[in-house]
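Read through the structure below, which is laid out as structure tokens, and then see the notes.
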Amino acid sequence: TPSTTPIRTCKMHSSLNRLQTAFGFFTTCAFTLASIIAVLSLVPIPTPATLSSATIKPTDVQVIKGRPHYYARTREEYATIRFDLDADLSPLFNWNTKQLFVYVTANYPSTKDGGEMSESVIWDMIIPATATPWSLQSLKAVYFPDKKTLRQQKQQAKNKKSSTNKASKSTDLTLPGRIKLKNQKPKYQITDPTGLMGEKSNVTLQVSWNVQPWVGALVWDKGYLGSRVGQWKNGKVGRSKSFDLPALKGSKPETVKDTDGPKTPKGGQATPVIEI
Numbered sequence: 001t002p003s004t005t006p007i008r009t010c011k012m013h014s015s016l017n018r019l020q021t022a023f024g025f026f027t028t029c030a031f032t033l034a035s036i037i038a039v040l041s042l043v044p045i046p047t048p049a050t051l052s053s054a055t056i057k058p059t060d061v062q063v064i065k066g067r068p069h070y071y072a073r074t075r076e077e078y079a080t081i082r083f084d085l086d087a088d089l090s091p092l093f094n095w096n097t098k099q100l101f102v103y104v105t106a107n108y109p110s111t112k113d114g115g116e117m118s119e120s121v122i123w124d125m126i127i128p129a130t131a132t133p134w135s136l137q138s139l140k141a142v143y144f145p146d147k148k149t150l151r152q153q154k155q156q157a158k159n160k161k162s163s164t165n166k167a168s169k170s171t172d173l174t175l176p177g178r179i180k181l182k183n184q185k186p187k188y189q190i191t192d193p194t195g196l197m198g199e200k201s202n203v204t205l206q207v208s209w210n211v212q213p214w215v216g217a218l219v220w221d222k223g224y225l226g227s228r229v230g231q232w233k234n235g236k237v238g239r240s241k242s243f244d245l246p247a248l249k250g251s252k253p254e255t256v257k258d259t260d261g262p263k264t265p266k267g268g269q270a271t272p273v274i275e276i
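Each residue of the sequence shown is one higher than the one before, starting from 1 at the first, in UniProt numbering.
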């Protein structure tokens, strides 16, 4: 009698199925690794020896009437604020930091009676992280150099002896995140929807930052993560003392003119003449 046992056949997967399986496994591993990096970057390792600090103060404040931007159609009042800035934001840099975005805002009340505060950016700056031998910039310069990089390498080779002698004597390392500005000119002017900026009171300057990592979420100084990652040093929180905006430049105080000419004073209003 013939055997009734079923014969099992093995089905071979196609090349497309194998490729999809391998790609899915690779993306799962990459996503897991990226998540671990993003979480570990929020825990400073090693712990910074110092906290972030910044001091800022205005040096020259002017209110001018004109066109604050080249595309402005009407003339309006705008303010320009020069300032001194001394900041040390190097503790914000770690192995997962791509760049640091630093900006200065001017905070002032929206109305003369106070109310909500308006915030305007007057200056900003991007500080890239220092290149390491394993960073993307260094690997690109080694394996895919462009003409400009080749010229720089040749120039460095010519000045190798002199540069080595100078480097051996110097032991100080320039850390990213250190800013020192004197009487810095603002990049942007301050305007108001009302078109009036003169004589506003209780104005302050504030230094803020935003950490942009290679992998992970952006960290703002005013957010929950910012208070954990980058705490300000006591007394150097990047806020200036309050000051007032001056009156419009070139404006004169209002004077009351008598258009009807001199008049005869009414009874009881004439100044008495006293004879001595």
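Glycine included, each C-beta is placed from N, C-alpha and C at the ideal position.
Only a predicted model underlies this, so the values are computations on that prediction, with no experimental measurement involved.
So, helix, strand or coil for Thr130, using DSSP?
The residue labelled residue 130 in the question sits at position 130 within the sequence shown. If DSSP states are grouped into helix, strand and coil, Thr130 belongs with coil.
To the nearest angstrom, how far is it from the Cα of Asp146 to the Cα of Pro91?
Within the sequence shown, numbered from 1, the residue matching residue 146 stands at position 146. Within the sequence shown, numbered from 1, the residue matching residue 91 stands at position 91. Taking the straight line joining both Cα atoms gives about 33 Å.
When burial is assigned at 16 or more other CB atoms within 10 Å of the CB, is Pro68 buried or exposed?
Working through the sequence shown from its first residue, we reach residue 68 at position 68. When all chains shown are included, Pro68 counts as buried.
C-alpha distance - Ser110 paired with Val121, whole-angstrom precision:
As a first step, residue 110 is located in the sequence shown; it is residue number 110 there, counting from the start. As a first step, residue 121 is located in the sequence shown; it is residue number 121 there, counting from the start. Taking the straight line joining both Cα atoms gives about 15 Å.
Does the stretch 48–61 come within contact of the stretch 230–243, defined as at least 3 CB pairs closer than 8 Å?
Verdict: yes, contact present.
On the three-state DSSP scale, how would you describe Leu205?
Position 205 of the sequence shown holds residue 205. Strand.
What's the gap between the Cα of Thr97 and the Cα of Lys140?
As a working note, residue 97 is residue 97 in the sequence shown. As a working note, residue 140 is residue 140 in the sequence shown. Those two C-alpha atoms are separated by around 18 Å.
Assign Arg178 to buried or exposed, taking buried as 16 or more other Cβ atoms, counted over all protein chains shown, within 10 Å of its Cβ.
As a first step, residue 178 must be located in the sequence shown, where it is residue number 178. Exposed, by the Cβ-count rule.
In DSSP terms, what Ile179 is bridged to
Counting from one through the sequence shown, the residue named residue 179 turns up at place 179. According to DSSP, Ile179 shares a beta bridge with Ala87.
With 16 as the cutoff for other CB atoms within 10 Å, does Tyr108 come out buried or exposed?
If you number the sequence shown from 1, residue 108 lands on position 108. Classification of Tyr108: buried, given that the 10 Å Cβ count is 16 or more.
Which one or two residues does DSSP pair with Met117 in a beta bridge?
Counted from its first residue, the sequence shown places residue 117 at position 117. In the DSSP output, where bridge partners are listed per residue, Met117 has Pro109.
Tell me whether Val43 is buried or exposed, calling it buried when 16 or more other Cβ atoms sit within 10 Å of its Cβ.
By one-based count along the sequence shown, residue 43 stands at place 43. Counting every other CB atom within 10 Å of its CB across the protein chains shown gives Val43 a total below 16, marking it as exposed.
Does the contact criterion of 3 or more C-beta pairs under 8 Å hold for the stretch 195–210 versus the stretch 240–248?
Enough Cβ pairs lie closer than 8 Å, so yes.
Where Gln152 and Pro128 are concerned, what is the direct C-alpha to C-alpha distance, given to the nearest angstrom?
Taking the sequence shown and counting its residues from 1, one reaches residue 152 at position 152. Taking the sequence shown and counting its residues from 1, one reaches residue 128 at position 128. Gln152 and Pro128: Cα-Cα distance of roughly 20 Å.
Proximal residues to Ser138 (C-beta, below 7 Å), its chain only, five neighbours per side dropped:
Reading the sequence shown from its first residue, position 138 is the one you call residue 138. Ala131 and Thr132.
Which of helix, strand or coil DSSP assigns to Lys233:
Looking up residue 233 in the sequence shown gives position 233. Strand, per DSSP.
So, using beta-carbon positions, are Ala38 and Gly216 closer together than 8 Å?
The sequence position of residue 38 within the sequence shown is 38, counting from 1. The sequence position of residue 216 within the sequence shown is 216, counting from 1. Result yes, Cβ atoms of Ala38 and Gly216 sit closer than 8 Å.
Whole angstroms is fine: what's the gap from Val102's alpha carbon to Ile126's?
Position 102 of the sequence shown, counted from the start, is the residue given in the question as residue 102. Position 126 of the sequence shown, counted from the start, is the residue given in the question as residue 126. Straight-line Cα distance between these residues: approximately 6 Å.
Along the alpha helix (DSSP H) that carries Gln20, what are the first and last residues, could you check?
For the purposes of this step, residue 20 is taken as the residue at position 20 of the sequence shown. Start and end: Ser15 to Leu40.
Spatial neighbours of Lys241 in its chain, beta-carbon cut-off 8 Å, leaving aside the 5 residues before and after:
Here residue 241 is taken as the residue at index 241 of the sequence shown, counted from 1. Excluding sequence neighbours, Lys241 sits near Lys57 and Thr204.
Out of Ala54, Gln20, Leu33 and Gln62, point me to the one whose CA is closest to Trp209's CA.
Locating residue 209 in the sequence shown gives position 209, where the first residue counts as 1. For the set Ala54, Gln20, Leu33 and Gln62, the Cα lying nearest the Cα of Trp209 is the one of Ala54.
Out of Ile64, Ala87 and Asp84, point me to the one whose CA is closest to Glu76's CA.
The residue you call residue 76 lines up with position 76 of the sequence shown. Selected option, being the one with the closest Cα: Ile64.
Go ahead and pull the three-state DSSP assignment for Arg228.
Working through the sequence shown from its first residue, we reach residue 228 at position 228. For Arg228, the three-state secondary structure derived from DSSP is helix.
Please look up how many angstroms separate the CB atoms of Ile36 and Val61, rounded, as I've assumed it's under 8 Å.
Counted from its first residue, the sequence shown places residue 36 at position 36. Counted from its first residue, the sequence shown places residue 61 at position 61. Wrong, their Cβ atoms sit about 49 Å apart, outside the cutoff.
Residues near Lys257 by beta carbon distance below 6 Å, same chain, minus five either side:
For the purposes of this step, residue 257 is taken as residue 257 along the sequence shown, with counting starting at 1. Its pLDDT being 47, under 50, Lys257 is placed unreliably in this model, and the value from its coordinates should be taken loosely. Taken in chain order, the list of residues that qualify is empty.
Where His13 falls, given that 16 or more other Cβ within 10 Å makes a residue buried:
If you number the sequence shown from 1, residue 13 lands on position 13. Counting every other CB atom within 10 Å of its CB across the protein chains shown gives His13 a total below 16, marking it as exposed.
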